[in-house]
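Structure record follows, encoded as structure tokens.
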Amino acid sequence: MRTAFDFSPLYRSSIGFDRIFNLLENAPQAVETWPPYDIERSDENTYRVRIAVAGFSENDLDISHEPNLLIVSGERKEQDEVEYLHRGLPVRPFTRRFELADHMTVTSASLNNGLLTIDLVRQVPEEMKPRRITIAKQDGARKAGQVEKPKQAA
């Protein structure tokens, strides 16, 4: 049973985190366990997703990148009508979704020895990177923070 949390107090002290709260509220209740996958982090901005897709070829897999979402799906097309005595390889159709942070892009994807490897990089545009704001000095004889005292008559 899932408990609904009230995030409204957090809205008062945060700006621009609405999407995160929506993700938490809309998180899937049932967790899919197939196909198994790993997520690796090489450095601060480089990630790799490895998905075990034994029995699938490059033509059976589809990778799509939407804003803030990576979708990997697979469906094996049967070529021959084969009578299986035992079928232990799970080659059923699947769709795996990964929520991505802002400015994440897919740089490459490869399939080797039954592992699908997808490389991702966070490329923050220059105008979005933090910058230092300088404080302008005031012109004139007064310095910032100095209070001018009234002149007295002689």
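Numbering-wise, the working numbering comes out as the position in the sequence shown, counting from 1, plus 291.
Positions of the beta carbon are idealized from the N, C-alpha and C atoms, including for glycine.
- Annotated three-state conformation of E357 is strand, per DSSP.
- Within the stretch 328–411, the runs of beta strand (DSSP E) at least 3 residues long that lie entirely inside it are, in chain order, 328–334, 337–343, 352–357, 360–365, 385–390 and 395–403.
- Residue environment analysis places G405 among the exposed positions, since fewer than 16 neighbouring C-beta atoms fall within 10 angstroms of its C-beta.
- For the pair L380 and E372, the Cα-to-Cα distance works out to about 16 angstroms.
- If you compare the alpha carbons of K368, R413 and F389 with that of V340, the shortest gap goes to F389.
- When the five nearest sequence neighbours on each side are left out, the beta carbons in the same chain lying within less than 6 angstroms of the beta carbon of T398 are those of D410 and V412, in order along the chain.
- Nearest to E418 by C-alpha distance, out of P358, A345, F385 and H394, is H394.
- Cα atoms of A400 and A427: separation of roughly 49 angstroms, rounded to the nearest angstrom.
- If you check the CB distance, L402 and S364 do not come in under 9 angstroms.
- The bridge partners DSSP lists for R413 are M395.
- Just measuring C-alpha positions, the residue of N336, L391 and E366 sitting nearest V382 is E366.
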